[in-house]
Amino acid sequence: MRLLSTKSLQLEQFNDEERLPPYAILSHTWGEEEVTLDDLLREHVQTMIGYRKIEQTCRIAAQDGFGYVWIDTCCIDKSSSAELSEAINSMFRWYALSQKCYAYLEDLVWHEGQSSGVGSHQYGNAHSLQRSRWFTRGWTLQELIAPSEVYFYDKYWTLTGTRTALADILAKITSVDLEVLVNLDLYISRTQHLKVFLRERSVAQRMSWASKRKTTRPEDLAYCLLGIFDIHMPLLYGEGIEKAFRRLQMEILRYSTDQSILAWKL
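Residue numbers (the UniProt record's numbering): 1 to 266.
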């Protein structure tokens, strides 16, 4: 696993997950000129539009006391199919292992001075949040659910609230159960809590959370659900969404007796 140093903005390799330093993680939607791993090694990377997102993430993480962050655009070598497959199969766990998740909603402008749940702008803020592209993408579903806590930032990197504080609004926007979004039991860890509540939801219900979401590559609509169902399987880009989804169904049936998966269609 590669992590980006918040001080040097250089990548460092960590091979033992049990010895990972505390790190923050970014959730976002891809935009113009995102910085890849190769770009990060180039001399003029600072001129790229996406570099500011990396700088801001590192700045906030450093202020929060973190020496490292993980950002999908530059921490994965996407030219290696083997590494990409490993990363996608590990991604839910990597978000769960993070100490903090920063969700950057580039198309959101929050009304400053208003708290996340009260005030005269509550309805306007909730409506603006609902319209964000972040809630339409397949990959951001697991990025909402897996971390111990999610901190939402708007276009100007203003903190708008946390997943806990915004849970009621987020549940309405995403149809994800409130119990999955908030840890109601202070005596068990978020990870333990999440495993229990995900298993209590039917396969069809978990599928429904992603039903209106989209991905750039068709197969990713199946691959982005691997962590939600605690499934590992090889990636075969080019197989098409129907074959990818069928393979996902078969893997789920290997570990579950829940037949609701058979009633679910794309």
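The beta carbon of each residue, even a glycine, is placed where N, CA and C say it ideally should be.
Quiz item: Buried or exposed: where does residue 269 fall if 16 or more other Cβ atoms within 10 Å of its Cβ makes it buried?
Solution: Because the chain here runs from 1 to 266, residue 269 falls outside it and cannot be looked at.
Quiz item: Per DSSP, what kind of secondary structure is Gln46 in: helix, strand or coil?
Solution: helix
Quiz item: For the alpha helix (DSSP H) that contains Thr160, what are its first and last residues?
Solution: Per DSSP, Thr160 belongs to no alpha helix (DSSP H); it is in the beta strand (DSSP E), Leu159 to Thr162.
Quiz prompt | Beta-bridge partners of Cys101, as assigned by DSSP | solution = Ile25 and Val150
Quiz item: Which residue from Leu40, Ile25, Gly31 and Glu18 puts its Cα closest to that of Gln10?
Solution: Leu40
Quiz item: In or out: residue 277 buried (at least 16 other Cβ within 10 Å) or exposed?
Solution: Nothing about residue 277 can be read from this structure; the chain reaches only from 1 to 266.
Exercise. Would you check if the distance between the CB atom of Asp154 and the CB atom of Trp94 is smaller than 9 Å?
Key: no
Practice problem: From the DSSP output, in three-state form, read off Lys243 for me. | Solution: helix
Self-check item: CA-to-CA distance, Glu143 to Thr158, given in whole angstroms
Solution: 19 Å
Quiz item: Would you call the CB atoms of residue 269 and Arg163 closer than 9 Å?
Solution: Nothing can be reported for residue 269, as the shown portion of the chain is limited to 1 through 266.
Quiz item: Excluding sequence positions up to five away, which residues of its chain have a Cβ less than 7 Å from the Cβ of Arg247?
Solution: Met233
Quiz item: Taking the continuous beta strand (DSSP E) assigned at Leu3, which residues delimit it?
Solution: Arg2 to Ser5
Exercise. Could you check which residue in Gly227, Gln249, Leu235 and Arg254 has the C-alpha nearest to that of Phe92?
Key: Gly227
Exercise. With a 10 Å radius around its C-beta and 16 neighbouring C-beta atoms as the bar for buried, classify Ile76 as buried or exposed.
Key: buried
Quiz item: Is it buried or exposed for Glu219, if we count other Cβ within 10 angstroms and need 16 for buried?
Solution: buried
Practice problem: Can you check DSSP and say which residues form a bridge with Leu84? | Solution: BP columns for Leu84 are empty, so no partner.
Quiz item: So, Ala210 versus Leu225, is the Cβ gap smaller than 9 Å?
Solution: yes
Exercise. Given a cut-off of 9 Å, decide if Phe152 and Leu129 are closer than it, judged by their beta-carbon atoms.
Key: yes
Quiz item: To the nearest angstrom, how far is it from the Cα of Ile88 to the Cα of Trp139?
Solution: 10 Å
Practice problem: Look up Trp209 in the DSSP assignment and say whether it is helix, strand or coil. | Solution: helix
Practice problem: Classify Glu18 as helix, strand or coil using the three-state DSSP reduction. | Solution: helix
Self-check item: Residue of Gly50, Ile71 and Ala165 minimising C-alpha distance to Thr6
Solution: Ile71
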